[in-house]
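**Student:** Quick one: this structure, given as structure tokens, is what I'll be asking you about.
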Amino acid sequence: MAGMEIWNNPSCSKCAAARTALDEAGVGYALRPYLDRPPSAAELTEVLRRLDARPWDVCRTQEPAAVALGMADWPRDEAAEPRWIEAMVAAPELIQRPLLLLDDGSALVGRTAGALAEAVRRSGATPGTGAEPGPPATASERPTPAG
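1312 is the number of the first residue of the sequence shown in our numbering; add one for each residue after it.
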């Protein structure tokens, strides 16, 4: 079973880096080609909730579609959120990538090494080992302080 879902753009270097980091850590995931299978407004709203973010926090406002819409000048308040979401659903290339939807109900934007390390940590995998996550260590398996 996949450990998380990645909203993936196969031509994006940050998405490739996220896949590599998760593969190396042995973290299972499912890829969602979100450009081919755009989210609904309800799905994007749920992801924003999981990210604890507003639409403009994960909108690629320098993309040609955003520039054409003048999104850089759009209001950034609660009343404007539906307009942002509608634009991002209509043009999914505006959605920041990769988005990592974790099993714990949270989500991360996986663009930095720190975010990817956090995703691996939350998955229970051991970074850099390629090993599948195992059960938590029992008290007898935990290292003890030297002394």
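Where is the CB? At the ideal position from N, CA and C, for every residue including glycine.
Going by C-alpha to C-alpha distance, which of L1411, L1427 and E1392 sits closest to N1319?
**Tutor:** Start at 1 with the first residue of the sequence shown, and residue 1319 comes out as number 8. The residue with the shortest Cα to Cα distance from N1319 is L1411.
**Student:** Could you give the first and the last residue of the continuous alpha helix (DSSP H) run that contains R1433?
**Tutor:** One-based indexing of the sequence shown puts residue 1433 at position 122. Per DSSP, R1433 belongs to the alpha helix (DSSP H) from A1424 to S1434.
**Student:** Name the two residues that bound the continuous beta strand (DSSP E) containing E1357.
**Tutor:** For the purposes of this step, residue 1357 is identified with residue 46 of the sequence shown, where counting begins at 1. Counting along the chain, E1357 falls outside any beta strand (DSSP E), though it belongs to the alpha helix (DSSP H) covering A1352 to L1362.
**Student:** Look up W1318 in the DSSP assignment and give the residues it is bridged to.
**Tutor:** Position 7 of the sequence shown, counted from the start, is the residue given in the question as residue 1318. Partner(s): R1343 and L1410.
**Student:** Since C1370 contacts L1346 with CB under 8 angstroms, what's their CB separation in whole angstroms?
**Tutor:** Taking the first residue of the sequence shown as position 1, residue 1370 is located at position 59. Taking the first residue of the sequence shown as position 1, residue 1346 is located at position 35. Not quite, the Cβ-Cβ distance comes to about 15 angstroms (not below 8 angstroms), so this is no contact.
**Student:** Using only alpha-carbon positions, find the residue among G1435, A1428, T1423 and A1430 that is nearest to K1325.
**Tutor:** Against the sequence shown, residue 1325 aligns to sequence position 14. It is T1423.
**Student:** Identify every residue that forms a DSSP beta bridge with L1419.
**Tutor:** Residue 1419 sits at position 108 when you count from the first residue of the sequence shown. BP columns for L1419 point to L1411.
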